[in-house]
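Worksheet for the structure shown next.
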Amino acid sequence: MLKWRLASSIFQKTFLSYFGILMIPIFVFSVINMQRNVKEEQDRLYEKHMTDAQRTSAIMDNKLYELQNAGKVLSQKPWVQKRMENSNVFDQDFDALNMLDIKKDFQNLVGSLGIVSSGAVIYPEKHLVLSPWGSYAENDFFSDVVVFDETARRNLMHDVSLYRYFDIGQPQTIRTWGTVKKVIPVLQSLEVVGHPRATLVLFIDNAYLIEYLNRLGGIDSGDFTISAFDAIIYKQVRSGLSDTERERRMEDELTINSQASDWQYTVSYFDDSLISAKNLFGSLLAIFISIIVGTMAAYGLAKISYRPLAALLNKLSVAQRDETDAKSARCEYNRIENSFEQLIHENQALQQAMSAYELAARSNLLLRLLKGYFIADQQLVDFRKFGVSYTNDMYYCTMLLRFLSIHDYTDIARIQQIEMITIYVAEQVFKRYSLDYELFEVTDADKAIIVSLVQPFGDHGVMGCIASDIAAGIEQACQVKPDIWYGAVEQGLIGISKSYYAANESLQMAIFSRGHVLVRQEEVVHADVHYYYPTDWEVQLINNLKVGNMDTSIHILSEIRAENERRNLPAKVTIRLVSLLLETMLRVLTELNMDAIIYAKQFESHVVTEDIAPMWGYVFEVGTVICERIQYSNTPSAMEIGGKLLQYVKMNYTEADVSLKTLAAIFEMSVSGVSKTFKEVAGVNFYDYLCRLRMEKAKELLREKPGEINNVASRVGYDNVYSFKRAFIRYEGIKPNEYKQKSDEQYA
């Protein structure tokens, strides 16, 4: 029963957790769905309102087009054209009957337009006005018939005298025969000139416009406004709504530019975008179903998640089945807690072990850098995981600290004090110079420091100042002055090793000088010029050659060559260095059961000439051959065939019929296959290898036994002496008889 209560409590918490996790996206998706429905309804209403506004705009534009066409129709009337004549010949023709025609034309025009209450044709030059009410002088018409205020009248007369294709003016209040009206004057010049002789003036009546819109527009909007140049020309406000309700229901305003004039139509609509009850019911039903499904899913997930914990609690309960009270339950959880505490302690111990491992690996890595650590670019990622962010683009300088004045190393407390002070002083000095450094212990000195730089120092004396500051700081703190040596600032990871060996040479020289006190100070000790070939680099070269790592092997050889060329060694020392490098490679060839004799003999010919450049080139060539042979040896079957080809050529190279075609027939291969396999195994092509064997044998015969050149040529596999001489000159650089004579003189 107690176990069930514990299980139910944990299960409830698990269920509520899953329920909360599942309900959050359900509610979010439900809200998003309702918002989407509202947005769709709003988009539908917007499209409806836009269509309605465009229809209203089209109705008004059509009416404006009719107004534009009215001027064209009226300009064709005879009475309009006769009055436009400059002479007064037709003035007497306008009798009562003609005035009836004019009145009839105006009435037809006003009646067809529907929104115009009256109009007139003004002749500016004659100061004459023809209207439905008769012919008037300009001043009489605007004083008695249609009365404007003085400013509006003055502006109107100015506009009439200029060309107006279709100009809709600002709303004006006029008085016609004593009746006050709000109208919008419309001007149309009846003549396309700068100063037209006749201009039609129509008055859009505000009352007629409202009636027209109510009759034909039928817009389902709040307000309808016509404006031009930010001035309201006409505004219709929907009645029956209070200001509060208007602000609450107002949603959007649509503004459409007129295609027939400078007018802008602004239509306001009210917010009626309520979701229908059907859609609302569907959304609520979907939410309800989602909650049910989410509850069932939460129950299933809680049951699955609780199963391992239930099994664990069952095992703990079986282990303590005699306990049945609440204390037993707490003990079960204590056992779980104790298990986790044990795991935490083990994890901490593991982390400490990992930390110790990383420190040891880091220290070992720094030591390898001092000795010369050649790595590929892709290994820099593993290089950085120990916290060493060095790259080949940076510059480095190595410093060695040695406390030569300390002779008693049994005082551990004193030694620890000096070490702590050394670390503190180094931190302060390098912080002052804004430099990164690594300080660690080495065997040939007490401490080593690797200083890393992004750019080299502009002043070559900076490292000397740093060394002096460190030595002075340590001496001031613990009355013991260390001896500090440092190498040159070098670029690249290999530069660390170069700088270290330079500092170590200075250290060993200082120790040697102090040990030989009999040397007088005034005597100058000249050190022998030594080549640069560290033992650690030789070991790495051998290891990389044995595994066929060509890039690293060539890199090591290049660094050795560059460093020794920088030292300007004498020719004999350089030849000794190159000979040692070749001896290293010959040892590798011998250990790998490769033919080393032929390479040694060919190198001897380069040594005789004492030309250093070909000697270096030959060393690089042999290194490349070794790596290629190692790489090719990864395919045993091909290596076996290649070995047989080499063995056959070595045994039969003195035969004249040895060729690729002969080998192809013997080993049942194609000529191209034999050539490719032979080059991959030997490192050179077939004919170069065959020529090398024959020439070395010919040189041996020329040195050992006197005889004719023809006899030597036939013994090394040449049918005619001409081919032999040509091959010998190409291989050795001199003729066979000259070589024989030179050999005789050398051994004489």
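Just so it is clear: in the sequence shown, position 574 is 573 by numbering that gives the first Met the number 0, and no numbers are missing.
C-beta atoms are modelled at their ideal positions from N, C-alpha and C, and glycine is treated no differently.
- prompt: What beta strand (DSSP E) runs, 3 residues minimum, are completely inside the segment 442-473?
  reply: 446-452
field: Sub-8 Å separation of E489 and K480 beta-carbons
entry: Your numbering for residue 489 matches position 490 in the sequence shown. Your numbering for residue 480 matches position 481 in the sequence shown. No.
query: Which one or two residues does DSSP pair with F584 in a beta bridge?
result: Here residue 584 refers to the residue found at position 585 of the sequence shown. Checking the displayed sequence, the identity of residue 584 turns out to be Met instead of Phe. Looking at the DSSP assignment, M584 forms no beta bridge with any residue, so it has no partner.
- prompt: For M398, does the three-state DSSP call read helix, strand or coil?
  reply: Along the sequence shown, read from residue 1 onward, the residue named residue 398 stands at position 399. If DSSP states are grouped into helix, strand and coil, M398 belongs with the strands.
query: Taking the alpha-carbon positions, what's the Y647 to P455 distance?
result: Along the sequence shown, read from residue 1 onward, the residue named residue 647 stands at position 648. Along the sequence shown, read from residue 1 onward, the residue named residue 455 stands at position 456. C-alpha separation (whole angstroms): 58 Å.
query: Is there contact between the segment 256-267 and the segment 46-58, where contact requires at least three CB pairs shorter than 8 Å?
result: yes
query: From Q11 to K430, what does the alpha carbon distance come to, in whole angstroms?
result: Locating residue 11 in the sequence shown gives position 12, counting from the first residue. Locating residue 430 in the sequence shown gives position 431, counting from the first residue. Roughly 59 Å between the two C-alpha positions.
task: Note the first and the last residue of the continuous alpha helix (DSSP H) segment covering P77.
output: As a position in the sequence shown, residue 77 is number 78, starting the count at 1. From DSSP, the alpha helix (DSSP H) with P77 extends over P77 to R82.
query: Buried or exposed: S116, going by 16 or more other Cβ atoms within 10 Å of its Cβ?
result: Sequence index remark: in the sequence shown, residue 116 carries index 117 (1-based). Answer is buried; the Cβ neighbour count reaches 16.
Boundaries (first-last residue) of the beta strand (DSSP E) holding G133: If you number the sequence shown from 1, residue 133 lands on position 134. Start and end: G133 to A136.
- prompt: For C464, is the classification buried or exposed, using 16 other Cβ atoms within 10 angstroms of its Cβ as the cut-off for buried?
  reply: Here residue 464 is taken as the residue at index 465 of the sequence shown, counted from 1. C464 is classed as exposed because its beta carbon has fewer than 16 other beta carbons within 10 Å across all chains shown.
query: DSSP on A197, reduced to helix/strand/coil?
result: The sequence position of residue 197 within the sequence shown is 198, counting from 1. Three-state DSSP puts A197 in coil, outside helix and strand.
query: Any idea if A310 is buried or exposed, counting beta-carbon neighbours within 10 angstroms, 16 or more meaning buried?
result: For this step, residue 310 is matched to residue 311 along the sequence shown. A310 comes out exposed.
- prompt: Using CA coordinates, which residue listed in G716, L212 and L576 is at the minimum distance from M650?
  reply: Counted from its first residue, the sequence shown places residue 650 at position 651. The option with the nearest alpha carbon to M650 is G716.
field: First and last residue of the uninterrupted beta strand (DSSP E) at T172
entry: As a first step, residue 172 must be located in the sequence shown, where it is residue number 173. Its beta strand (DSSP E) spans residues Q171 to T175.
message: Check for me: the alpha helix (DSSP H) holding G672 runs from which residue to which?
response: Your numbering for residue 672 matches position 673 in the sequence shown. V670 to A681 is the extent of the alpha helix (DSSP H) around G672.
I665 versus I640, Y211 and Y688, residue with shortest Cα-Cα distance: Here the question's residue 665 lines up with position 666 in the sequence shown. Answer by Cα proximity: I640.
- request: With distances taken Cα to Cα, identify the nearest neighbour of K696 among D687, A712 and I232.
  value: Counting from one through the sequence shown, the residue named residue 696 turns up at place 697. For K696, the nearest C-alpha among the options comes from A712.
field: Those residues which DSSP pairs with P184 across a bridge
entry: Here residue 184 refers to the residue found at position 185 of the sequence shown. F202, per the DSSP bridge assignment.
- prompt: Looking at the unbroken beta strand (DSSP E) that takes in E437, where does it start and where does it end?
  reply: Here residue 437 is taken as the residue at index 438 of the sequence shown, counted from 1. D435 to F439 is the span of the beta strand (DSSP E), which, as asked, contains E437.
query: Who are the Cβ neighbours of E562 in its own chain at under 7 Å, not counting the five residues just before and after it?
result: Walking along the sequence shown from the start, residue 562 turns up at place 563. Excluding sequence neighbours, E562 sits near K497 and Y531.
query: Going by Cα to Cα distance, which pick from G732, S451 and M49 is closest to H605?
result: Looking up residue 605 in the sequence shown gives position 606. The candidate whose alpha carbon is nearest that of H605 is G732.
Close-in-space but distant-in-sequence residues of the same chain around S552 (CB under 7 Å, 5 per side omitted): Start at 1 with the first residue of the sequence shown, and residue 552 comes out as number 553. L540, N543, L544, G622 and C626.
query: Under 8 Å, do D180 and P170 count as touching if we go by C-beta distance?
result: Locating residue 180 in the sequence shown gives position 181, counting from the first residue. Locating residue 170 in the sequence shown gives position 171, counting from the first residue. Reading off the sequence shown, one finds Lys at residue 180, where the question assumed Asp. No, these two residues do not count as a Cβ contact at 8 Å.
message: According to DSSP, Q263 sits in a beta bridge with which residue or residues?
response: For this step, residue 263 is matched to residue 264 along the sequence shown. The partner list for Q263 (beta bridge, DSSP) reads S226 and N256.
query: Since E609 contacts I574 with CB under 8 Å, what's their CB separation in whole angstroms?
result: What you label residue 609 is simply residue 610 of the sequence shown in a count that begins at 1. What you label residue 574 is simply residue 575 of the sequence shown in a count that begins at 1. Confirmed, Cβ separation roughly 7 Å.
- prompt: Counting pairs of beta carbons, one from the segment 356-376 and one from the segment 421-435, are three or more of them closer than 8 Å?
  reply: no
- prompt: Distance, Cα to Cα, H515 vs A509?
  reply: For the purposes of this step, residue 515 is taken as the residue at position 516 of the sequence shown. For the purposes of this step, residue 509 is taken as the residue at position 510 of the sequence shown. Low confidence applies to H515: its pLDDT is 47, below 50, so where it sits in the model is not reliable, and the reading given next is rough at best. Whole-angstrom Cα-Cα distance: 10 Å.
task: On a CA-only basis, which of A681, L506, I596 and V657 is nearest L645? Give me that one, please.
output: On the sequence shown, residue 645 is found 646 positions in, with the first residue counted as 1. Out of A681, L506, I596 and V657, A681 has the C-alpha closest to the C-alpha of L645.
message: Would C396 and M353 be called neighbours here (beta carbons separated by less than 8 Å)?
response: Against the sequence shown, residue 396 aligns to sequence position 397. Against the sequence shown, residue 353 aligns to sequence position 354. 8 Å or more divides the Cβ of C396 from the Cβ of M353.
field: Other residues of its chain near V236: CB distance less than 7 Å, five sequence neighbours each side excluded
entry: Taking the first residue of the sequence shown as position 1, residue 236 is located at position 237. Result list for V236: D222, in chain order.
task: Helix, strand or coil for V479, going by three-state DSSP, please let me know.
output: For the purposes of this step, residue 479 is taken as the residue at position 480 of the sequence shown. Residue state, collapsed to three classes: coil.
field: Residue burial classification, E603 (beta-carbon count within 10 angstroms, cutoff 16)
entry: On the sequence shown, position 604 is the one that residue 603 refers to. Result: exposed.
- request: Starting from the N-terminal side, write out each stretch of the alpha helix (DSSP H) that is 4 residues or longer and does not extend beyond the segment 11-87.
  value: 77-82
query: Looking at L692 and W652, is the spacing between their C-beta atoms short of 8 Å?
result: Residue numbering aside, residue 652 sits at position 653 when the sequence shown is read from its first letter. Residue numbering aside, residue 692 sits at position 693 when the sequence shown is read from its first letter. One point to set straight first is that residue 652 is Tyr, not Trp, in the sequence displayed. Taking 8 Å as the Cβ cut-off, Y652 and L692 qualify as a contacting pair.
message: I believe V618 touches V670 by the beta-carbon criterion, under 8 Å. Please report the beta-carbon distance rounded to the nearest angstrom.
response: Residue numbering aside, residue 618 sits at position 619 when the sequence shown is read from its first letter. Residue numbering aside, residue 670 sits at position 671 when the sequence shown is read from its first letter. About 32 Å separates the two Cβ atoms, so there is no contact after all.
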